[in-house]
Every structure is written in structure tokens, then in C-alpha cells.
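If you're matching positions, the sequence shown starts at 1 in full-length UniProt numbering and goes up one per residue. Even for Gly, the Cβ is constructed at its ideal location relative to N, Cα and C.
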Amino acid sequence: MPLGTTNSTAMFADKPTGNKRQRPIKAEPAASLQPSDDGNVPLEEQPQPRPGQTAHSSKRKSAGRAAAAAAQQAAGDDEMEVQQEQQQEEALMRNDAEAERPAKRRAAGEEPAADGAAAAGVAVGATNAARGNQGFVVRERALAGHLERIRVENFMCHSNFELELGPHVTLVSGTNGSGKSAVIQALQVCLGASARETSRARSFTAFVKEGCSEARVCVTLCNVGDDAFLPHLFGERITVERVIKAAGASTTSLLDARGKKVPVDKPRDTLFAMLEHFCIDATNPLTIITQDKARQFLGGDKDTSREKYDIFMEATLLQRQLEENNRAGEELAASSTRLVESAAFIKSLEDAQASLQAKLQRLTDADKMVEQRDFLEQAMGWASVRELEAVAARCGDVAEVHGPQLVELYTRALEQLAASKAELQERAKEHEEVVARNKAVLDSHRANVQNLLKEVRKTTDAQAREARNRTAAKNNLVALQRNQAEVNAKLTEASTGNEKVAAARRLMEEHQQKITAKKVEEERAKAMADDVVKLVDELKAQEHGMEVDEARGRSRILSSEQALRGGREELRGLEAANGNRLGAFGAVRLCELVTENMHHFQRPPIGPIGAYINVTDGRWAVAAQTILNFCLRDFIVSCGADAVLLNQLMSAANYGRACTITVNYDDPPHGIPPATHPGGGYAALLDVLVVKDELARVPLLNYLVDKFSVERVALAETESQGRAVVYGDSAGPHVTLAVDQGGATFHRKGGLTWVKRDQSNNARNCLLKADVSDMAASMRADLEAEEAQLGALRQELVELVAQRAAKRAEIVAAQQRWHQIQVLKTRLATECRRLEQTMPSVPEVEDEEQQVVMTQLQSIHLEIADSQRTLLLAQEALDIAEKESKAANDRVKEAERTFQEVLDDSAAKEDAKAEVEARLKELEAMRSRYKADRAGAVSRLAALKAALNKACERVQATVAAAEQVCSREEGEAALARARELVEERMRAVMARAKERQGQADLPDEQLQRAVDMKINPRDLMSRLALVNKAIEKVEQEAGADKEQLRIKLADLGRQLALKRVHHARVSKTTAMLAASMQRRQQLYLRMLGLVQQYVNAKFSMFQGRRRNLGFVRWDHEHRKLQLHVKIKGKDDPSQPYVHDLKQMSGGERSFTTVAFLLAVGANTENPFRVMDEYDVFMDAYNRRVATESLLECCRDQAEHQFIFLTPNDLATVEAARQALITRTKMDMPPSFIKTVLIRPARG
């Protein structure tokens, strides 16, 4: 939900004067510079730095800027009020109501408004002592806007020279003529200064080294951190390259960190935009103090009070404010002049009005009014009445018929929803009953499975018993067969020569062969039956598999249809959002409700969170969504009451799967220690997250840090890098989570490490994409693929149903075959038993012993038949037992499968119940929406009825107006006459067309319809205009008729009234401008006093470091500035003040001038400052003291970069550094100061 933005008050713009560009000075907090009654700010009452804020905070601000901001804000408020009252005077106000350019924020902290007044030196010392206790940290890199390198080629005395600059202080030493100042002139030329502004030449060609065709200057600036300028184009460095041709032309180019030219349309405009961004002004006299300026001030050979005054006014931008006030005075004078001109114009209009009135009186009645114009005028009024009555009738039809029908439609829809709700409630009840029944069935199945397991054990025992019986029968059969073999041997021996015995033996063998043949047929039939049974089982198993596949296919079709409906619903939400990212989270309706109820919230809610989050690089969108996926739909509120209200709106909007988080909006941003960031070159997830909404940024990022520790999540380019983070501690032991571009996460917890891949998050459905249209296109492609898959599933289901029907037919045929085989098997078994029970009749033998053997053989043969029958029965019993055991096991498996199916069905019913409940919620939401729509329709119907009433009122008003012309009866008669006139005119036109072109006349019915269409106010007005033109011919002698004169007179009266109102408004505006001008002047004087106090305090502080007393005195009337110094005044107060610097020694004079320049320079905000030959006229002692003061100033303003040039040796610098360390008890590492020695340039 977008939050409201904070209105910013319009301020007066800092405009450059002439060709010289000015940079705005940095503003202090307004509360720290509230003026006293006399317009001055007592510095001892200024606030001290807040707890936790060091006195050398990186936020560079000045007292003068705060006063300027206060003055300009007050003046701007007045002038904006004038603009609102007089939009037509835009040209008059364009120079007085421009918006102030926002001062560039250079770091995170804030600096106190001032260090103290002349009497506040003790406070400054205490502040410095506090700094010493806190310690001092030297930056390894420069800040945005700092200089890194200056390189010149063929520039003045240099053929090829390059100067590397330190991030804090760079002290350049070189003898006179070595080219130190030439480097400074090159810096000015490259950063936009003109040749005259360098004080060294009148044109750039003078800078080209003699004998060379061109000179090249390259200045490299640092471009890092939050203050970087277009980092996506330039990178971490910006190089400004200026090439000066000896012929006179010069070009400017901008290079990125790789040294390649950045393709911009206008490099000069981009250069000035960059300088404005970094607050760099190479022409400011205190940004770069050139050698000539330094010698002029430090030498003291002539009076420089006026130059000091000019430097003070230009450096603090007071000169610009003064010039703007002067321009405002000129505009005020111009406004007064226009006021006089407006009065003269009003007088001329009054004279013209009197002249028209005289003409109207003298005008006689040109001619009597024709009857035709009379009835046309009457007809026009009543034609308007007839037209409005028709419109009112149509509105009444809508209000009385169509509107109630629409309300009735909504009512029926609500009734249908109620019926659907009742049906769903009944289905939910049925689902609950089914779930309860399934629970009882599950309990029953558990008991049934236990009984079946007992049956399995019982059938297993029976199978073992029948196997033992079969083994015994088989052993008995083997024994009988051995006996039969012995008897056969005896018969063989006895049958030798005995034909009866041989015949008996053959009969017995033939009988045995018949029995064996029958048994073989019976076994074959049995094998066929077993094969058919196996075939039936296989077919049933295949049918069951097809049934399962069919059920699975139907389930997949149902899931695909549900997914398709859900995807279409999401796509409709995206398309309804019209490109708004809220549609991706389904929060459009919720945000509309939040907007409608915004006045009930204490603070605006923030959410959905995903709509506020962007990534700096689209490659990490999937990674960010993987980590933050569970909170993207959540909302952030400021208190519990807002959370309750938002939850109610979520329910009303049917916005689910989201939480409400309560966060303190006023908490400051969490401090993230550098040690918590991933090391080894890995970026943190926090580094790529962007929250563009200013009000939502701090609470949202604080929540992400608290909840997800995004500052510790490492971003891995590849999977191998992610594994290296958790397996090899490549990002540090404190980093336990990494994520790659594909969304795979790498975890380490305790001694465990694992990798998790979430396939649901991918580039196609990534909600953090900036382009919602791409997401919609991806979703459409997914829906098309899903529809294609659904069609394939339905076709596959049709094929499965056909295959299952064919398989059922095969099962029926196999069962019929099994029945036929069973009949054959029974017949063969009966025949076999009949053969076994009948014995062949054998002839009787005479030998008694042979008769005994024959009898014994017959007996054995019967026993063998019985034993075979017993073996067969035992085998069948074993088969039955095995089948029963297999059937028991199958029943157990079937029971377990049924149990699982019931369990799955119960789960499905639970899901169906949940779906019904969700549908009930949807119906309830639809019911609420329909009720709201019906209420809206009722409201619109009421509005329509109100409009109908207004239309009726308009009809009544028109009727009243028409009745003032004539009565309704006369109007109807006039309309009839007008109709006759129109019909007559149309018939005449048709007659002429028939005569000229032979066209046929219109049918009477069409003619009447055409005539009716012409009877309307517009056509009658056109007809009246034609009549009036005819009358004008008669009134030409009079020049105009009375009506025209009255119209002109009325127009002139309106114009005169408008001019009088305009004159009064301009008069009021002029008075307001005069008051605003007076207030601007007062604020300018207040600001001037504040800046003077601030400069006085700084100057006194610097003098106090040498035990001197000093102050600055201004003479604004003569534009002069004097420095008053009492040498060693703290030790000897009786010493007189010296205001003529010529009375001081060269060292004291130079130190005093340096102290003044530092005091005034504290009001500027350039990221770097350059001072050439600051110690040129100082002795060794004053040089050391001045250098010590400069170093302390540099340390106190560590966010600035300082460059000092001196022709003297560098021993003084080390001595000053050691003295400063000893005095302040604060270490200053040698790396804080970079020294460069320049050798004289070679020819």
C-alpha cells in the first residue's frame, strides 16, 4: 500500500550570479540557530551534540546555511501564498518562488551548529579532549567527491606529470618554479573554471606548453558510498578529461572507473550536474586558494580589507542573497509600475463603456420585428422544454424500471449464494459423516485384519498337514509298486509256457494302461484349468491396475482443473491490477479497503512487503524471494489497534496466508557492524535489497534484519561458491546461510550442513520482478501448457476406459472357458474311478501256486489303484490347502489395501471438507461483495433519482423561462408554425433537386420524420440566425441592432469588472510582495549576524591556540572587513588590539590570515579544499603553529580532503603532527598525511 509523502516547503533557489557558479553552503538544524530578540544567537546557548554523536561527525553543515534556510523558507512561504492567489501573474513571481535545491547529504551523522563564540574556547577545548578520548580512525579510501589523482600533459611547465592524493591531507612540497601552482590551475580548468577565474590567463590556449599542439588535464574523483554520482554508469571513480587545443578549441570528456568514455549527450552538462551533486565549486575563493590570492593576503603589503569582505560574502553565499533581495526589489518596482498601467487601462474601458451607452440611446428602432423571428424565438424555448422532458422521461424509465431490475438481480444473486452456501454446508456435513463412517470402518478393518492373520496361520498349518499326508501316500504307493514288480517277476517266471497266465498278465497290463491314459487326460484337464485360473487372475490384476490408473487419471484431471482455475484467477488479478505489483500478491482489493479506511489508522500500514521490495540486480530476484518467501504477503503496522483493524480488512478482502507484524516506525535504522557482513568478497542479501518508499524503508529493513538476518546471508554466484560458504567457511565462520541465483540454499547448523532446492521458486513466477507484464506473460504460457496437459489427460482417460472394457470382456471369456474345462475334468475323473473299480476277468489257471500269484497281483493292482487315488486326493487336498493359504494371504493383502483405500478416502474426504469450507469462505466473501455492489447500485439508483429530480427541476426552470417568453399554448402553436416553416423549406429543396437532378421526392412518412428531427433548439437556432441575417440587412444603416449593442455593452461590463478584480488582486499582491521584501531583508540581516558570530567564534578559537585574542569586525557600508588581534592577549590582557596587519610580523600576519580563511571556510561544503603557499611569509615557529592548526582543523573535519602546497621543506609537518599529538593526547597516524615532493619540471 503506497504511503503518503511528506510535503516539502518551497525555498528560494540558490541562483548563480553572472557567469560564476556558486555552491550552496550546508544547512545546520534550524533548532540550533534560533535567533534571540536582537537577531543574534548567543553561542553559549547552542545545543551540544547528541549522545553517541562525535563532535567531528561526518555530516558537514554550517551555521550560516541554517540561517539562510530559515530566511528563505519564510520568504518562500509568503511568495507561495501570493502565487496561489494570482496565477495570472506568473511572470511577476517566477524569480521569487523557486524551490531550493536540496543540500547534498555527505554522510550519516550530523555536526553541531557551531563550535562556540569568542568566549566559548573552553567548550571547544573540552570537545577536542573528548575526541582524544574517543580515538581517531584514518580512512583507507577517499569519500565521494574527493580527489584521487591529477594528471597533466603539456600543461604550462609540465610535459607529463601525475599527482596521487591521499584521502585526508596531502602536503605538496616543491621549490618555486617546480609547477605546484600549475597543478592547481589544471584542477580549476578541469572542474569548470574559466581561464580568467584562475587569475593566470585570459584564455585556455595560454595553458598549452610552448611548442605543443594540445594540453590534456585529467582529474579523477572518488565515487563510492551512498553519495556516489550515477554509480551504474561511472563505477567507483569518475575521471574528468579536458583537452585544450593550441588553436583555441577545448573538449571535455567523462571517463568511468575503467578509463572508458561514458556515452552522454552533453558531457559539459553532466559535468556541472556532477559538480552540483558533490557541491564542488572550483571558483569559490575558499575552495581553492591560489598562489596569487595567498600571496596577496599573506603578504600584507597593502590593505586587503575589501578583498576579505568580498571573500566572506561570496564564500558564505550572503552576496547571492543580497543580490536576490535587490532583484526582488526590482520586481516590486515593476509590479508597482504595472499597477499604474492597469489603472490607466481601466479608465480607458470606462470611457468606452460610456460611449456604447450613448450609442445605444441614440439608436432607433431599425425596423419592426418580423413575425417569423417572434415565433422562432418562442419555438426555441419550448423546443428546449420538449427535449429536456424527453431526457427526463428516459431517466425516469431507468430510475423506475432498469435500476430496480439491477437491484433485483443482485438480490437474486444473493439468494443463489445463500442456496449454494446451504448446499455446501450440507456437503460439508456429508463429508463429516463419511469421515466418521470411515473411522468406524478403519476400526473394523483393523479387527478384520487380525482375524485374517489368524486364518493365514491356520491355513498354513493345514497346508503342512496335507503335505505330510501326500508324502505318506506317495511312500505307500512306492512300496506297493515294488511289491507289484516282485509279483510281476514271479508271473513272468510262471508264465513261461503257460498261455493262460500270459493272457491274464496282458489283460492286467492293458487295464493298467487304460487307467494311466485316463489319468493323463485328467492331469492335462487339471493343468488347463490351472492355466485358465492363472489367466483369469492375471486379467483381473490387469483390470484392477487399469481401474487404479483410471482413478488416478480422474484425480490428476481434477487437480489440473483446480490448478487451471487457480491460475486463471491469479491471471485475472494481475490483469485487473493494470501493471500494479499489488496484483501479483492479490492485494488490490485489500489496499483499496486500506485506502478507504486510512483515517482510522494511526500510521499508514506497510504492505504487502513484497510490493515494496526491489533488488538492485535482477539476477538475485529468485534468491531474495527464496529467503523472504514466507513474508512477502505480510503487512507491517505501528500498533496493536492498527493490527486489529488490518486483520478485519484482510477478512473482508478475503486476503489469506498473511500475517500482521507490529513494528515501531520511529526506531532508527539498525546499526550493522562490518564484522557481521559476509567476507571473502561475498555480497550480503541486504546489499541488493532496495526499498524506494522513504517512510517504509527503515521499519521494513529493520524487520528483515530482525527476522531473516539478511545482513548475514551470503549471495553465491554458483553452486560451488554456495557450498564453499557452508563447507569451507569461505565467507567467514559467522555466515551459516548462502543462496545462489537459482534459489538453492546452503545451510550449516551445528555440525550439520545441507543443501535445499525449492523448485517452486523460479524466474518465471518470481514475484519480485519489476515488470509485472513479464510475470503475466509467463503465467499465460503456464496456463496454456496446463490446458494442453489437461486435454492429454482427458484423452488418456478415454483410452483407459475403453481398454478396461475390453479387459472385462476377456475376463468373461476366460471364466466361461474355465467352466467348460471343469466339466471335462469331472467327466474324466468319473471314468477313471470306474476303471479303477472294475477288474478284467482273467482265465483260471490250474496251478494253485500260479493262481495265488494271480490273486496276489490282482490284490496289489487294486491296492495300487487305491493308493494312487489316495495320492491324488492328498495332492488335491494339498492344492486346496495351498490355494486356501494363498487366498488367505490375498485376503490379508486385500484387507490391507482396502484399509489403505479407506484411509486415503478419509484423507480425501478431509481435503474435500477443507475445500468445501474454503469455498464457503469464498461464498461468504462473494456475498459481502454482492451486498456491497447491491448497496452501490441502490446508492447509484438514489443518485439517479436525485439526478432525475434535478432534471425535472431543469425542466421546470426551462418551462418557467419559456413561459416568460410565451405560454405553453403559444409555444406549441409556435412549434407548429416552425414545423410548417421547416417542412415548407424542405419541400422547396426537394422541388429544386427534382427540377435540377431529377431526384424523386421522399415518401411522406420519411419527410415527416426528417422534419421532426429538425425541430430541436440547435436547428431552430440556426434557422433563427438566418432570419437575423435577413433582418441585419434592414439595420445596416444603423450599423448594429440594439441587441448587439447590449451584448457588447454587457461584454464590456464583464471585462471591466474582471479588470477591476484583477487590479485589486495585483494591488494586494504588490502589498504582499512589499511585506515579503521587508521580511526577506530582516531575515537577511538576522542571517548575516548569525554567520558573523560563527566566523568570530572560529577565528577566536584559532587565535586562542597561540594564546592570542581576536575578533572580526565588518563595515557593510564600505564593504570592508578588519581582523583585530591581541598578541598573547590571554597571557597579558593589557596588550592592545592590532587591526592593521602590517604592524604584525610576517609570521603572525600569515597565521592571522590563515585563521581567518579557516574560520570563513567552515561555512563551505566543498568535499576538498586547496591552499597554495599558506606559509610563504611565516618564520619557522609560526609555520609550525599554523601547520598544527591546519592539521587539527583537518582532523576535526576528517570528512573533508585538504591539499596544501608549500615551497618549504616537510620537516615542519612532522614537528606540527607530533606537537598536536602531544597537546591533544590523540594519536594521528602518519598515514593521515600524505607528502609529495615535486621536482622542478624538465624542459
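- Using a 10 angstroms sphere on the CB of M1144, the tally of other CB atoms reaches 16 or more, which defines it as buried.
- By the CB criterion at 8 Å, E884 and T459 fall inside the cutoff.
- Between F635 and P608 the beta-carbon gap is near 6 Å, inside 8 Å, which marks them as a contact.
- Looking at the backbone, the Cα of A352 and that of L1058 are separated by about 15 Å.
- The alpha-carbon separation between G192 and N284 amounts to approximately 12 Å.
- When beta bridges are read from the DSSP output, C218 appears opposite R151, E241.
- For A973, the secondary structure class from DSSP, reduced to helix, strand or coil, is helix.
- M1171 carries a strand assignment under DSSP once its states are collapsed to helix, strand and coil.
- The shortest C-alpha to C-alpha distance from T676 to any of S906, N654, A714, Q648 is the one to A714.
- Bounds of any alpha helix (DSSP H) do not take in N160; it lies within the beta strand (DSSP E) bounded by 158 to 164.
- Under the three-state reduction of DSSP, V755 is assigned to strand.
- When only Cα atoms are considered, K756 and Q648 end up about 36 Å apart.
- Of all C-beta pairs linking the segment 213 to 228 to the segment 135 to 147, three or more are shorter than 8 Å, placing the two stretches in contact.
- Per DSSP, G742 is not a residue of any alpha helix (DSSP H), being assigned neither H nor E.
- Between G722 and A623, the gap from beta carbon to beta carbon reaches 8 Å or more.
- With contacts defined by Cβ atoms closer than 8 Å, E148 and C222 form a contacting pair.
- DSSP places H1062 in no beta strand (DSSP E) but in the uninterrupted alpha helix (DSSP H) bounded by 1042 to 1104.
- Its Cα nearest to that of S159, the residue A215 stands out among A215, Q188, E197, A195.
- Put simply, the backbone Cα of Q820 is about 13 Å away from that of D530.
- For M274, the CB contacts under 7 Å within the same chain, skipping 5 residues up- and downstream, are F229, I238 in chain order.
- In the three-state scheme derived from DSSP, where H, G and I count as helix and E and B as strand, R1107 is classed as coil.
- For L275, the uninterrupted alpha helix (DSSP H) run begins and ends at 267 to 278, by DSSP.
- DSSP places H431 within a helical segment (H, G or I) once states are collapsed to three.
- N654 sits in coil when the DSSP states are folded into three classes, being neither helix nor strand.
- Among the bridge pairs identified by DSSP, T1235 is matched with L171.
- Judged by DSSP in its simplified three-state form, N326 adopts helix.
- The continuous stretches of alpha helix (DSSP H) do not include N762, and DSSP gives it neither H nor E.
- A distance of 8 Å or more separates the beta carbons of V243 and L254.
- With respect to the 8 Å criterion, T1187 and D1175 are classified as neighbours on the basis of their beta carbons.
- For the 8 Å CB-CB criterion, L171 and V1138 do not form a contact.
- Taken through DSSP and simplified to helix, strand or coil, F601 comes out as coil.
- For R954, the CB contacts under 7 Å within the same chain, skipping 5 residues up- and downstream, are L388 in chain order.
- Here S342 carries a helix assignment [DSSP, helix/strand/coil].
- Taking 8 Å as the upper bound for CB-CB distance, T1235 and S173 are in contact here, some 7 Å apart.
- DSSP assignment within the segment 650 to 731 yields the following whole beta strand (DSSP E) runs of 3 residues or more, N-terminal first: 660 to 662, 689 to 691, 714 to 716.
- In the three-state scheme derived from DSSP, where H, G and I count as helix and E and B as strand, R1113 is classed as strand.
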